[in-house]
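Undergrad: Have a look at this one.
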Amino acid sequence: MKRNLLNTLSLTAILGGIFSPLATEAQCLCEGGVAPNVLKYTYVLDTTSMSSSDITFPKFNPAMGVLNCVRFEDTLSLISTSNVNNTSPQPETYIFNLRVVNNFAGPGMNVAEVAQRTYGPTPLAAFGQPGYQTTYGPDTLFTNSKHSTNSSNVTGYMSGAGPVVFRYTVNGGLTSDLGGINYNYQIISKYWGRFGLTYFWCPNAVLSSNIKNFTAVKSNKNVNLTWIVGNNLISNTYEIQVSKNGREFFGAGSAQTSSSSSGTTAKYAYQYNPNQAVAGQLYFRVKQTDVNGKISYSTVKALNMDHQAASSFTAYPNPVVNKVSLQFDANLDGDFNLDVTNQVGQTVISRPLRLKNTSLIDLNLSKVNAPGMYYVRVKDAVTGQVFTNKIMINR
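With the sequence shown counted from 1, adding 1096 to any position gets you the numbering used here.
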């Protein structure tokens, strides 16, 4: 059946009200107008005809610094084919309007783009007779269509277990402008693309070279914080600071150096007791102040306070070069199996572990040759409980 094309592609970008397509650079600048550090991840989507696809990226590790804003970029192509049947008992001449909507939805972002085409007039025979069917396409509705969207709402890019997920969906339909409604249709769309998520972050305040092995471990409703200080001085004070978003910290308590440990290595312990039930992610650090008023900080530790998130751990640094630490939300004790697999399911590391009341596992990845995304799984050999997370090897 001959196809008649009346008008060309019509595109519309629809942006949600909780972000602007081009956030001002000032939103991303560090204190004093200093340009931020940039960390970018890329996701390549191969050709698929699924009605939806999840685009995933690693979350930002707050131990690296303060996340100021994020940028999501998409480049997508889509080809669509429409099959139509006339279900009327008599011949009809149709004009159809095809409307296909690309939609990306992620934390604090929602981007949609519309393509429209009109087909016809197309005469179709009565149902069941020769010529009662027609096919429009395949037509290229999007060719490397690009968008770039910034957001300063960064909570969803740091907190909670699992990766950052952008859900891509294909919506739309074929409606008749002429010929009635006695027809049915099937739209088959194939799409592919390349996507990027960029983190704009600022370094934490000066890190203390004295504070080492800082850990935060959940114990029932409380959090046990421990750290070791080298060259401990009686004049030093240590304040425990807590944050709900990884950016704004408040003091939760303090620890004073004892005279007996001055000048030597000392271990500190502090139990943080929330005043009320806390859900979601909390961030912890230690602020050190010396006799001259000089301030420095420990690294930041993130801890998920949700009970159901007990099977999570934080990997840092992430991206990793050779060595990564796995920080669990609770102490582990017993026999475990650790596996690292690549994106095609090949196991690159597999070894048993015997852990004794520890929340930290150090993992050497120097023998993993290829950079890219990897999945880390730690399984309790007795209970079968599984802990999982993603890491990015970047060399």
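All residues carry an ideal CB built from backbone N, CA and C; glycine is no exception.
Going by DSSP in three states, Val1478 sits in which element: helix, strand or coil?
TA: Counting from one through the sequence shown, the residue named residue 1478 turns up at place 382. If DSSP states are grouped into helix, strand and coil, Val1478 belongs with coil.
Undergrad: Which two residues bound the contiguous beta strand (DSSP E) that contains Phe1291?
TA: As a first step, residue 1291 is located in the sequence shown; it is residue number 195 there, counting from the start. Unbroken beta strand (DSSP E) run through Phe1291: Tyr1279 to Cys1298.
Undergrad: Tell me the rounded alpha-carbon separation between Ile1191 and Tyr1232.
TA: Working through the sequence shown from its first residue, we reach residue 1191 at position 95. Working through the sequence shown from its first residue, we reach residue 1232 at position 136. One C-alpha to the other measures close to 12 Å.
Undergrad: With a threshold of 16 other CB atoms inside 10 Å of the CB of Arg1213, please say whether the residue is buried or exposed.
TA: Stepping through the sequence shown from its first residue, residue 1213 is reached at position 117. Buried: at least 16 other Cβ atoms inside 10 Å.
Undergrad: DSSP three-state call for Thr1251: helix, strand or coil?
TA: Against the sequence shown, residue 1251 aligns to sequence position 155. Correct three-state label for Thr1251: helix.
Undergrad: Three-state secondary structure (DSSP) at Met1335?
TA: Translated into positions along the sequence shown, residue 1335 becomes position 239. This sequence places Glu at residue 1335; Met is not what is there. Looking at Glu1335 - three-state DSSP - the assignment turns out to be strand.
Undergrad: Would Thr1171 and Arg1343 be called neighbours here (beta carbons separated by less than 9 Å)?
TA: To locate residue 1171, count along the sequence shown from 1; it is residue 75. To locate residue 1343, count along the sequence shown from 1; it is residue 247. Contact flag unset, no.
Undergrad: Please classify Ala1466: is it buried, with 16 or more other beta-carbons within 10 angstroms of its beta-carbon, or exposed?
TA: The residue you call residue 1466 lines up with position 370 of the sequence shown. Answer is exposed; the Cβ neighbour count stays below 16.
Undergrad: For the beta strand (DSSP E) containing Phe1515, name the first residue and the last one.
TA: Summary: the structure shown does not reach residue 1515, with the chain confined to residues 1097 through 1491, and so no result is reported for it.
Undergrad: Suppose the cutoff is 7 Å on Cβ atoms and the five residues either side in sequence are ignored; what does the same chain contact list for Asn1460 look like?
TA: If you number the sequence shown from 1, residue 1460 lands on position 364. These residues qualify, in order along the chain: Asn1418 and Lys1419.
Undergrad: Find the nearest neighbour of Leu1141 within the set Thr1395, Asp1150 and Asn1133, judged by alpha-carbon distance.
TA: For the purposes of this step, residue 1141 is identified with residue 45 of the sequence shown, where counting begins at 1. Comparing Cα positions, the closest option is Asp1150.
Undergrad: Leaving out five residues before and five after Cys1165 in sequence, what residues of the same chain have Cβ atoms less than 7 Å from its Cβ?
TA: Start at 1 with the first residue of the sequence shown, and residue 1165 comes out as number 69. Ala1119, Gln1123, Cys1124, Asn1246, Ser1247, Ser1248, Val1250 and Phe1296, listed in sequence order.
Undergrad: Within its chain, find whatever has a CB closer than 7 Å to the CB of Asn1267; leave out the 5 residues flanking it on each side and keep chain order.
TA: Here the question's residue 1267 lines up with position 171 in the sequence shown. Val1197 and Asn1199, listed in sequence order.
Undergrad: To the nearest angstrom, how far is the alpha carbon of Gln1186 from that of Ile1283?
TA: Here the question's residue 1186 lines up with position 90 in the sequence shown. Here the question's residue 1283 lines up with position 187 in the sequence shown. Looking at the two C-alpha atoms, the distance is approximately 24 Å.
Undergrad: For Ile1175, report the span of its beta strand (DSSP E) as first-last.
TA: The sequence position of residue 1175 within the sequence shown is 79, counting from 1. Unbroken beta strand (DSSP E) run through Ile1175: Val1162 to Asn1182.
Undergrad: Taking Asn1179 as the reference, give the member of His1243, Thr1230 and Asp1429 with the closest Cα.
TA: As a working mapping, residue 1179 is identified with position 83 in the sequence shown. Minimum Cα distance to Asn1179 is reached at Thr1230.
Undergrad: Less than 9 Å separating the beta-carbons of Leu1135 and Pro1370?
TA: To locate residue 1135, count along the sequence shown from 1; it is residue 39. To locate residue 1370, count along the sequence shown from 1; it is residue 274. Contact flag unset, no.
Undergrad: Hey, could you find the ends of the beta strand (DSSP E) Met1205 is sitting in?
TA: One-based indexing of the sequence shown puts residue 1205 at position 109. Unbroken beta strand (DSSP E) run through Met1205: Met1205 to Leu1220.
Undergrad: Please report the distance separating the alpha-carbon of Cys1298 from that of Phe1409.
TA: On the sequence shown, residue 1298 is found 202 positions in, with the first residue counted as 1. On the sequence shown, residue 1409 is found 313 positions in, with the first residue counted as 1. Cys1298 and Phe1409: Cα-Cα distance of roughly 24 Å.
Undergrad: Out of curiosity, what's the CA-to-CA distance linking Asn1427 and Gly1376?
TA: As a first step, residue 1427 is located in the sequence shown; it is residue number 331 there, counting from the start. As a first step, residue 1376 is located in the sequence shown; it is residue number 280 there, counting from the start. So the alpha carbons of these two residues sit roughly 19 Å apart.
Undergrad: Leu1449 lies in the beta strand (DSSP E); which residues open and close that run?
TA: Here residue 1449 corresponds to residue number 353 of the sequence shown, with the count starting at 1. Unbroken beta strand (DSSP E) run through Leu1449: Thr1443 to Asn1460.
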